[in-house]
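See structure below.
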Amino acid sequence: MIRRAALASVVLLVLSTATAWAGSAPAVEMFNFGFSPTTTKFAIGDNVRWHNGSNLTHTATSNLFNIFDRTVAPGGTSSSVLIARAGTYAYHCEIHPEMQGRVRAHMLANTYTGTTATTFVLRVATVALPAGYVEDIQRRRQGSGSWKLWRTTSNQTVNWSPGNLGAWQFRARLRKTSNNQATGWSSVIAISVTE
Ligand SMILES: [Cu+2]
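When we follow the numbering used here, the leftmost residue of the sequence shown carries the number 32, and every step to the right adds one.
Pasting the structure below:
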């Protein structure tokens, strides 16, 4: 009887760990052998949830920087990861390396429309960057022009007081300064500066 109770509490503990995820999390299905969708886009500070409905164990393991490494048991188990810094993170399954995916976490802004009197606060991370890492931010005019490096920061936010009207796009990536390894560029946010 005691053994049964102990076993039940272990099962409950495993279940509560496995299902401790935010309801709005973008979900990625693990199957034999791949991830669906292959690419998932969301904002920094969101959780991405991997759900394994297959009959084999899979992992979601980031290719760079050990950002995440989750083993997800078969049969309907889930595991979620908070992505706190802007970038595109390629990942794979450690057991089946042919399983490849990407999660793309974009920046946030305090407002997406304003004037040249507005101070825009552009956020590249929802927690501090680790020592030795920076976020590179690129900017371009929407619809024309090429991406140019705009700022590099070790802070979570950058203030911007625009000098020109127009529609602007921003994207960012996480880079390790010692060897310049970097994630892919994040998906894009758009900011409109009007009169
Ligand atoms: Cu796998």
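Using N, Cα and C, we set each Cβ at its ideal position, and we do this for glycine too.
Residue i and residue j closer than 7 Å at C-beta
i	j	result
W181	R170	yes
L113	N83	no
M130	G65	yes
N211	V152	no
H90	T108	It should be noted that the sequence gives Thr, not His, for residue 90. Cβ atoms of T90 and T108: not closer than 7 Å.
T88	P105	yes
E138	A58	The sequence shown places Met at residue 138, not Glu. No.
T147	D167	no
T208	V165	yes
M150	S192	A quick correction: the sequence has Thr, not Met, at residue 150. Contact: yes.
T157	I75	yes
F62	S85	yes
A221	Q200	yes
R133	T188	no
beta-carbon residue i near ligand 1 non-hydrogen atom, thresh 6 Å
i	result
H82	no
H89	yes
H127	yes
M138	no
Contact between the stretch 110–126 and the stretch 206–225 (3+ Cβ pairs under 8 Å): Yes: at least three Cβ pairs fall under 8 Å.
Contiguous beta strand (DSSP E) assignments of at least 3 residues, all confined to the stretch 135–192: Taking only runs of at least 3 residues, the beta strand (DSSP E) segments lying wholly in the stretch 135–192 are 151–154, 164–172, 179–184 and 188–191.
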